[in-house]
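Numbering (the UniProt record's numbering), first residue to last: 122 to 399.
We treat Cβ as the ideally placed atom computed from N, Cα and C, and that holds for glycine.
In this text, all values refer to a predicted model and were calculated from it rather than measured experimentally.
Working notes for the structure below.
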Amino acid sequence: AGTLVAGVRVAPLGSLHVLLLVEDRTAARRLEEVRRDFVANVSHELKTPVSAIALLAETMDDAAEDPAAVRRFAQRMTRESQRLAALVQEIVQLSRLQDADARHRPVPVDVDEAVLEAVDRTRLVAEGRGVRIVTQLSGEGEGDGARGGTPAEVWGDRELVVTAVRNLVDNGVHYSDAGTRVAVVVSVVDERVEVVVRDQGIGIPEAEAGRVFERFYRLDPARSRSTGGTGLGLSIVKHVAANHGGDVALWSRPGEGSTFTLRLPLRRADADEQVAAS
Ligand code: ADP
Numbered sequence: 122a123g124t125l126v127a128g129v130r131v132a133p134l135g136s137l138h139v140l141l142l143v144e145d146r147t148a149a150r151r152l153e154e155v156r157r158d159f160v161a162n163v164s165h166e167l168k169t170p171v172s173a174i175a176l177l178a179e180t181m182d183d184a185a186e187d188p189a190a191v192r193r194f195a196q197r198m199t200r201e202s203q204r205l206a207a208l209v210q211e212i213v214q215l216s217r218l219q220d221a222d223a224r225h226r227p228v229p230v231d232v233d234e235a236v237l238e239a240v241d242r243t244r245l246v247a248e249g250r251g252v253r254i255v256t257q258l259s260g261e262g263e264g265d266g267a268r269g270g271t272p273a274e275v276w277g278d279r280e281l282v283v284t285a286v287r288n289l290v291d292n293g294v295h296y297s298d299a300g301t302r303v304a305v306v307v308s309v310v311d312e313r314v315e316v317v318v319r320d321q322g323i324g325i326p327e328a329e330a331g332r333v334f335e336r337f338y339r340l341d342p343a344r345s346r347s348t349g350g351t352g353l354g355l356s357i358v359k360h361v362a363a364n365h366g367g368d369v370a371l372w373s374r375p376g377e378g379s380t381f382t383l384r385l386p387l388r389r390a391d392a393d394e395q396v397a398a399s
């Protein structure tokens, strides 16, 4: 005899095992639901730009006599294609993050340097929107000297750390008005490296604070889409944090801006051998 749980036959050995089986089955069902939701969301999200492109192509065909109109349609088609490409890239990235441990082959990652690169990649968009990005790297802050210059390093995947910070900075820029600033501060607190991204933007109501980390959840889908948002950015940040053994916290109030704090375990040079061996 035995019970079939997620394709594995387990002999009922005692009450503890029975309890575990029940939990297992609930978890398996929940996982299946999450997967089904994700597929439904993905197809919906992909359909939007695809239909837009199809419609634009059709209308462009009708407007063939009007070069100015054709150019306008072509520009919109380019924008929609870029959205589609960004969406596909983020979906692939997210499913990779969910499937595997991103620290498969961990390397020491200098968080100051990752932050500089993330900010660099966002700089142009920020300038275009009139938002100023200011950075304070570890060791540049008051009182940091007392730390004895512990480098702000973590074990992990450099590209993923850059992506996570970039998503946070990107959001800070996109959900803020011109003339405001986004501050990015790196510090070592206890045994963790913290990256704080603080904006002076529209903010997030408290009731929505947990939901914004869900895939495809947006407070204002139109605003998100108009800035090229995919609704996956924060979900990716959450997974990158988890894969590195860290977390991400949010403080916000509507009209007062938002502060996201990404916390990753500090790389201890003396523990390197253990990590490398595991
Ligand atoms: P998107 O691509 O829509 O920005 P995200 O997953 O990055 O997707 O964010 C989800 C939603 O959370 C956004 O659509 C927006 O409503 C809200 N949000 C994220 N960051 C901020 C921020 N810094 N300020 C205000 N709202 C934000």
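Selection from the options that minimises the alpha carbon distance to residue i
i: Gly293; options: Leu218, Thr243 and Ile174; result: Thr243
i: Arg336; options: Gly350, Leu205 and Ile254; result: Gly350
i: Thr180; options: Arg388, Pro272, Asp241 and Ala195; result: Ala195
i: Val213; options: Ser259, Tyr296 and Phe159; result: Phe159
i: Phe334; options: Asp241, Arg388, Glu315 and Ser356; result: Ser356
i: Thr284; options: Arg150, Val358, Arg339 and Arg156; result: Val358
i: Ala343; options: Glu166, Val305 and His360; result: Glu166
i: Ala370; options: Gly277, Leu383 and Arg157; result: Leu383
i: His295; options: Arg388, Gly251, Leu152 and Val305; result: Gly251
i: residue 64; options: Leu237, Val163, Leu152 and Leu177; result: In the structure displayed, the chain extends from 122 to 399; residue 64 sits before or after that span and is not available.
i: Arg271; options: Ser259, Asp298, Ala148 and Leu205; result: First, the amino acid is wrong: residue 271 is Thr here, not Arg. That would be Ser259, whose Cα lies nearest to the Cα of Thr271.
i: Ala390; options: Gln321, Pro326, Trp276 and Gly354; result: Trp276
i: Tyr338; options: Gln257, Ser172, Asn162 and Gln321; result: Asn162
i: Ser297; options: Asp182, Arg157, Asn288 and Gly322; result: Gly322
i: residue 423; options: Gln257, Lys168, Leu237 and Asp241; result: Since the first residue shown for the chain is 122 and the last is 399, residue 423 is missing from the structure and cannot be characterised.
i: Val305; options: Glu315, Thr256 and Asn288; result: Thr256
i: Ser172; options: Ala149, Glu154, Arg197 and Val155; result: Arg197
i: Pro375; options: Asp341, Pro326 and Glu315; result: Pro326
Sub-8 Å separation of residue i and residue j beta-carbons
i: Val310; j: Arg279; result: no
i: Ser202; j: Ile174; result: yes
i: Val286; j: Ile254; result: no
i: Val317; j: Thr380; result: yes
i: Arg313; j: Pro227; result: no
i: Glu377; j: Gly300; result: no
i: Ala247; j: Val282; result: no
i: Glu274; j: Arg388; result: yes
i: Asp368; j: Val307; result: no
i: Gly352; j: Asn288; result: no
Residue i classed as buried or exposed, judged by whether at least 16 other C-beta atoms fall within 10 angstroms
i: Pro170; result: buried
i: Ala239; result: buried
i: Gly249; result: exposed
i: residue 403; result: Residue 403 lies beyond the residue range present for the chain, which begins at 122 and ends at 399; the question has no answer from this structure.
i: His365; result: buried
i: Glu211; result: buried
i: Leu208; result: buried
i: Val361; result: buried
i: Arg319; result: buried
i: Gly123; result: Caution applies to Gly123, whose pLDDT of 35 falls short of 50 and renders its modelled position unreliable; the model cannot decide the point.
i: Leu218; result: buried
i: residue 405; result: Here the chain comprises residues numbered 122 to 399, so residue 405 is not present and cannot be evaluated.
i: Ser345; result: buried
i: Glu315; result: buried
Residue i Cβ short of 7 Å to the ligand SAH heavy atom set
i: His360; result: Among the ligands present in this structure, namely the ligand ADP, the ligand SAH is not found.
Tell me, please, whether the segment 323-343 touches the segment 185-192 by the rule of three or more beta-carbon pairs shorter than 8 Å. Contact between the segment 323-343 and the segment 185-192 is absent, because fewer than three Cβ pairs lie under 8 Å.
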